[in-house]
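Read the sequence shown against this note's numbering and you will find it ends at 149, with the numbers running on by one and no gaps.
Reviewing the structure listed below.
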Amino acid sequence: GFLGFGTNSSISDDYPVMWMPTFPGSGSEMLLNLAQSLTGLPVSGIHAFHGKQCLVPGTLMCKTHYPADGVGAPYEYESRSRFSTTSIVFMLRNPARAIPSGLNWLWEKKYQKASHSMKMPLDYWRAMRNETFETGVFSIHKWKAMID
């Protein structure tokens with residue numbers, strides 16, 4: 002796996018939230034729980050309370066699927082300027098499993114299925130796999146560009 006830290010801030014009462022871009026199946030929930038247990042500070046995810054908890058001062062980390070959430074549509078507060086002034090913890094544990102898991106989640110969302118309840122059809126997987134790698138939606142290089 003790969004775990005990288007990039008930061009331009011120090012921890013204080015008004016430190017910015019650390020964004021944690023993840024793929025489904027990468028172990029992000031475990032890392033969030035560990036960070037909260039070690040620090041005692043609150044952590045959140047972009048889908049909790051419509052992402053508003055991520056903006057509350059004192060929140061240590063916030064899980065996001067940017068830039069892939071909603072097939073590349075970022076939330077308004079997940080802008081390039083916000084990322085350029087904050088810390089990022091990037092975790093990618095097994096892209097061979099995480100990317101199909103992410104695409105399956107998008108399929109479930111598109112067809113209004115319960116999350117993590119079904120497997121997408123093989124034909125859909127092949128089409129999405131090819132499209133995804135051509136468009137670079139899951140590109141690590143996008144995050145590298147934001148960090149640099």
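A virtual CB, placed ideally from N, CA and C, is assigned to each residue, including glycine.
Put residue 47 into one of helix, strand or coil per three-state DSSP.
-> Look at residue 47 here: in three-state DSSP terms it is coil, with no helix or strand label.
What does DSSP give as the partner residues of residue 63 in its beta bridges?
-> DSSP lists 20, 45 as partners of residue 63.
In chain order, what residues of the same chain lie with their CB nearer than 8 Å to the CB of residue 120, ignoring the 5 residues before and after it?
-> So the qualifying residues of the chain are 105.
Give the straight-line distance between the Cα atoms of residue 9 and residue 47, rounded to the nearest whole angstrom.
-> With a pLDDT of 41 at residue 9, under the threshold of 50, the modelled position of that residue is not reliable, and the figure given next carries that caveat. The straight-line gap from Cα to Cα measures roughly 22 Å.
If you compare alpha carbons, which of 27, 59, 40, 37 is closest to residue 97?
-> The option with the nearest alpha carbon to residue 97 is 27.
Express the C-alpha separation of residue 24 and residue 109 in angstroms, rounding to a whole number.
-> Whole-angstrom Cα-Cα distance: 15 Å.
With respect to the alpha helix (DSSP H) encompassing residue 37, which residues constitute its N-terminal and C-terminal limits?
-> Here the alpha helix (DSSP H) through residue 37 covers 29-40.
One or two residues paired with residue 88 in a DSSP bridge | DSSP output for residue 88 lists 19 as bridge partner(s).
Given a threshold of 16 other Cβ atoms within 10 Å of its Cβ, counted over all protein chains shown, does residue 103 qualify as buried or as exposed?
-> Classified as buried, residue 103 has 16 or more neighbouring CB atoms from the shown chains inside 10 Å of its CB.
Burial state of residue 22, where buried means 16 or more other Cβ atoms lie within 10 Å | Result: buried.
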